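In the working numbering, the protein residues as written are 1 to 612.
One structure is given here, and the rest of the page talks about it.
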């Protein structure tokens, strides 16, 4: 039984496999929490942090064990979208809130009645990214690397999708550091008795009385001692029921639930759902709470807005089932379809994810190829994930600088070259094409056709000018100091033996984020859905469900989908932080009890929560 349980319901002893860890108490004290947070990922930790800074008591439930604290954010590269930051200004990047708003609007493409709250969340988030965000995180101890990345460049035109300037700020310490700066104060609050974790508690129902959400019901799961990310058992032990004035749902998206992804996949926009898809997130990212919330009357919108990647490779050393890793490429690799035809502009590495996704699936196949050489892979290949970037994750400045200066590819890249099933390394074009055909999932690539396309591109590097749009894009990238230093190699002939050997990489589609979800207002309150047979009313007039809040990916990172159809990158962690902050502060205000803040400053709960 949880120490915050006031119902007397039956519980298994402890927290399902974590009873020996500090703070996971099994002796009840019959006090009720001010809020229940369902989900111990980043958004849940942020919400709990804001609640405890206002002196509120929080119970955090999660179906996994303590090893998974921080959720998917732990595995991330730690990229954060900021606008007109000191890091940008030092690199002579001229950014502004107005330019960012233009980029977001053209990328999001909001075009539905239900985009009312997503639009408002996007506006509020951009203000946050241009203002409080950097200071808020810095006050918590988070630091950034000096090079700002240029993700989702678009490349179609000024009025089309994409970042006009670099905005991807990399956390020094990657995803684990983003988690740490919230985990540690929450654990401090745990030691002070304001927070309790109940791991291996799976929520199956939101308790609603007279239209108000007053708590949760579910089942405790058998203990699991698996490491972070490893699939755990689903053996049920006992029922539980827990109540609080506020319930905040922060349970993430549907990235490992391929059945749900296929059900809502936008065939009209992206093409047929792939036969083969790698999993970019652990098995527990199942999307169960979306349906549970909808069953309780919540509005669920934009379910067809799904963000998957086109540059997935099978992890040779997997942690979860179907584990895929995303290549974060520089601009120089040539991109071919499964039959060996070069993709047309602007389908270049790192430019426009959804456009290239549609282009790939329109071929009738679900994979594609990068063709490059050793010089390109050394400088331009990065792998997404904290575990694939140990120098940055461990905050080792010496190894990080050695990586930038090295003539060799980073260790994790070399491991994939050696062990990865998707990599072909060859001295000759004949060997390269033969290796590609051995890894084919159907089509046979014709050697001379592939090589002639590479030669045509190579001729465009013999002079300072070029009619090849990709070569032009490389020159443009290198005009930015950050890319010239760490991301874009000088244009050269791919077939030049001096830059060899040749490399081909088979790319599968990779699941990652859900861009739709529970519809929320700017306080993170979940809005009520239409009743059976009713027409959807105007979104501005929709009413919140008392007692129910949501944050993070389960809300499409805010409002039910603040990204619209496309993400500008660096906005997923930031979306979890911003929506968790808003929901936590609003729930703290709702709790309404006069308490002493953990912060030394005095003032109202909202005023203290806003301090950074």
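Idealized CB from N, CA, C, for every residue including glycine.
The structure displayed is predicted, hence computed values, not measured ones.
| task | Answer yes if the stretch 430-443 comes into contact with the stretch 333-353, meaning at least three C-beta pairs across the two stretches below 8 Å, and no otherwise. | result | They touch, by the three-pair rule.
| query | Per DSSP, residue 171 is paired with what? | reply | Your numbering for residue 171 matches position 171 in the chain shown. Beta-bridge pairing links residue 171 to 144.
| Pick from 414, 47, 80, 183: whose alpha carbon is nearest that of residue 135? | Mapped onto the chain shown, residue 135 falls at position 135. Relative to the Cα of residue 135, the nearest Cα in the group 414, 47, 80, 183 belongs to 80.
| Quick one: is residue 575 buried, meaning 16 or more other Cβ sit within 10 Å of its Cβ, or exposed? | Taking the first residue of the chain shown as 1, we reach residue 575 at position 575. Counting the other CB atoms within 10 Å of its CB gives residue 575 a total of 16 or more, which places it among the buried residues.
| What residues are listed by DSSP as bridge partners for residue 323? | Position 323 of the chain shown holds residue 323. Bridge partners of residue 323: 279.
| message | Once DSSP output is grouped into helix, strand and coil, what is the label at residue 417? | response | Indexing the chain shown from 1 puts residue 417 at position 417. Assignment of residue 417 by DSSP, reduced to helix, strand and coil, places it in the helix class.
| request: Let me know the beta strand (DSSP E) ranges lying completely inside the stretch 328-364, each 3 residues or longer, listed in chain order. | output: Within the stretch 328-364, the complete beta strand (DSSP E) runs of at least 3 residues fall at 334-337.
| request: Rounded to whole angstroms, what's the CA-CA distance from residue 125 to residue 250? Just pull it up for me. | output: By 1-based counting over the chain shown, the position of residue 125 is 125. By 1-based counting over the chain shown, the position of residue 250 is 250. Rounded to whole angstroms, the separation of the alpha carbons of residue 250 and residue 125 is 18 Å.
| Backbone CA spacing between residue 232 and residue 64 [nearest angstrom] | As a position in the chain shown, residue 232 is number 232, starting the count at 1. As a position in the chain shown, residue 64 is number 64, starting the count at 1. Distance between the alpha carbons of residue 232 and residue 64: 7 Å.
| Nearest candidate by alpha-carbon position, reference residue 354, set 398, 423, 568, 550 | Position 354 of the chain shown holds residue 354. Nearest of 398, 423, 568, 550 to residue 354, Cα basis: 568.
| task | Determine the DSSP secondary structure at residue 222, reduced to helix, strand or coil. | result | On the chain shown, position 222 is the one that residue 222 refers to. Residue 222 falls in the coil class under three-state DSSP.
| task | Round the Cβ separation of residue 358 and residue 269 to the nearest angstrom and send it over; I've been treating them as touching at under 8 Å. | result | Taking the first residue of the chain shown as 1, we reach residue 358 at position 358. Taking the first residue of the chain shown as 1, we reach residue 269 at position 269. The C-beta distance from residue 358 to residue 269 rounds to 7 Å, short enough to meet the 8 Å contact threshold.
| said: Suppose you measure from the CA of residue 349 to the CA of residue 335; what does that come to, to the nearest Å? | reply: For the purposes of this step, residue 349 is taken as the residue at position 349 of the chain shown. For the purposes of this step, residue 335 is taken as the residue at position 335 of the chain shown. Across the structure, residue 349 and residue 335 are spaced so that their CA atoms are roughly 7 Å apart.
| query | Taking one C-beta from the stretch 37-49 and one from the stretch 255-262 each time, how about it: are there three or more such pairs within less than 8 Å? | reply | No, they do not touch.
| Sub-9 Å separation of residue 479 and residue 77 beta-carbons | The sequence position of residue 479 within the chain shown is 479, counting from 1. The sequence position of residue 77 within the chain shown is 77, counting from 1. Not closer than 9 Å, so no.
| field | From 211, 242, 456, 454, residue whose alpha carbon lies closest to that of residue 217 | value | Sequence index remark: in the chain shown, residue 217 carries index 217 (1-based). Residue 217 has its Cα closest to that of 242, out of 211, 242, 456, 454.
| field | CB contact flag (residue 154, residue 346, <9 Å) | value | Here residue 154 corresponds to residue number 154 of the chain shown, with the count starting at 1. Here residue 346 corresponds to residue number 346 of the chain shown, with the count starting at 1. Yes, the Cβ-Cβ distance between residue 154 and residue 346 is below 9 Å.
| message | Using only CA atoms, which one of 489, 467, 481 lies nearest to residue 474? | response | Indexing the chain shown from 1 puts residue 474 at position 474. Looking at the Cα atoms, 489 is the closest of the given residues.
| Pairwise C-alpha distance: residue 318 and residue 214 | Reading the chain shown from its first residue, position 214 is the one you call residue 214. Reading the chain shown from its first residue, position 318 is the one you call residue 318. Residue 318 has its alpha-carbon roughly 40 Å from the corresponding atom of residue 214.
| Residues in its own chain within less than 6 Å of residue 477 by CB, not counting five upstream and five downstream? | The residue given as residue 477 occupies position 477 in the chain shown. Cβ-Cβ distances below 6 Å link residue 477 to 331, 483, 488 in the same chain, with the five nearest sequence neighbours on each side left out; the list follows chain order.
| query | So, helix, strand or coil for residue 88, using DSSP? | reply | Taking the chain shown and counting its residues from 1, the one referred to as residue 88 is at position 88. DSSP places residue 88 in the helix class (H, G or I) of the three-state scheme.
| said: Please tell me whether residue 406 and residue 174 are closer than 9 Å, where the distance is taken between their beta carbons. | reply: Within the chain shown, the letter at position 406 stands for residue 406. Within the chain shown, the letter at position 174 stands for residue 174. It is not a contact, given that the beta carbons lie outside the stated cut-off.
| field | Where the alpha helix (DSSP H) through residue 494 begins and ends | value | Stepping through the chain shown from its first residue, residue 494 is reached at position 494. Element bounds for residue 494: n/a, residue is neither H nor E.
| said: Going by C-alpha to C-alpha distance, which of 223, 361, 121 sits closest to residue 266? | reply: Position 266 of the chain shown holds residue 266. Closest by alpha carbon: 361.
| task | Kindly indicate which residue of 351, 184, 238, 372 has the alpha-carbon position closest to the one of residue 493. | result | The residue labelled residue 493 in the question sits at position 493 within the chain shown. Looking at the Cα atoms, 372 is the closest of the given residues.
| said: According to DSSP, is residue 429 part of a helix, a strand, or is it coil? | reply: As a first step, residue 429 is located in the chain shown; it is residue number 429 there, counting from the start. If DSSP states are grouped into helix, strand and coil, residue 429 belongs with the helices.
| request: Evaluate the contact criterion for the stretch 540-557 versus the stretch 510-527: three or more CB pairs, one atom per stretch, below 8 Å. | output: Judged by Cβ distances under 8 Å, the stretch 540-557 makes contact with the stretch 510-527, as three or more pairs qualify.
| said: Counting C-beta neighbours from all protein chains within 10 Å, is the total for residue 572 16 or more, i.e. buried, or is it exposed? | reply: Along the chain shown, read from residue 1 onward, the residue named residue 572 stands at position 572. Residue environment: residue 572 is assigned as buried (16 or more neighbouring CB atoms within 10 Å of its CB, all protein chains considered).
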